[in-house]
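For what it's worth, the working numbering labels the leading residue of the sequence shown as 23, then goes sequentially.
Cβ atoms here follow ideal geometry from the backbone N, Cα and C, with glycine treated the same way.
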Amino acid sequence: MISAGVDYRTPCPFCDAQADCHAGQSLYRASIEWSFEYDCAACGCALADCGGGRADTPEDLRQRLLAAQPPLRLDLPVPADVAVMRVLRAEYGFDLARARTALAEVKDGTFPATGPELALLAVRLGELGVTAQVTGPSGGPA
23 MISAGVDYRT
33 PCPFCDAQAD
43 CHAGQSLYRA
53 SIEWSFEYDC
63 AACGCALADC
73 GGGRADTPED
83 LRQRLLAAQP
93 PLRLDLPVPA
103 DVAVMRVLRA
113 EYGFDLARAR
123 TALAEVKDGT
133 FPATGPELAL
143 LAVRLGELGV
153 TAQVTGPSGG
163 PA
């Protein structure tokens, strides 16, 4: 399992005081799962929500995770372009032109994906016989 998380503060929807929040996303058994929880010390309100699916991850949660994570990239073998485009089209619903652009972003490390989302791409590529690995800023495994 690979996961990413972020802690932050946000206004409580019940009393407007600052609530402590934790949001996360994980890759578990080749599926993206996300969770969000917050606790307001001022009014005692506590809420939690969770769900599955990359496309169902709330966009504000994804943006917070992307902003908090170190630069990650997907290291690929050289002859993997067709397989990567196939996976990007299947996972993201990209047309051919967007898949080509996304392929270039994956190769240069600018594709906007969280660590768990990159790990899911690696899993899907592995299903096609392509070995890919998520790496961190130092070039080692993330």
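Straight-line Cα distance separating residue j from residue i
| i | j | result |
| --- | --- | --- |
| Arg84 | Val128 | 17 angstroms |
| Pro93 | Phe36 | 36 angstroms |
| Thr123 | Cys65 | 48 angstroms |
| Leu125 | Ala68 | 41 angstroms |
| Ala45 | Asp29 | 7 angstroms |
Distance CB(residue i)-CB(residue j) smaller than 8 angstroms
| i | j | result |
| --- | --- | --- |
| Gln155 | Asp103 | no |
| Ala70 | Glu59 | yes |
| Gly148 | Ile24 | no |
Residue environment, residue i, which counts as buried when at least 16 other CB atoms sit within 10 Å
| i | result |
| --- | --- |
| Tyr50 | exposed |
| Ala77 | exposed |
| Ala63 | exposed |
| Pro80 | exposed |
| Ala119 | exposed |
| Arg95 | buried |
Where the alpha helix (DSSP H) containing residue i begins and where it ends
| i | result |
| --- | --- |
| Pro138 | 137-149 |
| Gln85 | 81-90 |
The beta strand (DSSP E) enclosing residue i, as first and last residue numbers
| i | result |
| --- | --- |
| Ala68 | 68-74 |
| Val157 | Before going on, a small fix: residue 157 reads as Thr here, not Val. That run of the beta strand (DSSP E) goes 155-157. |
| Val28 | 24-33 |
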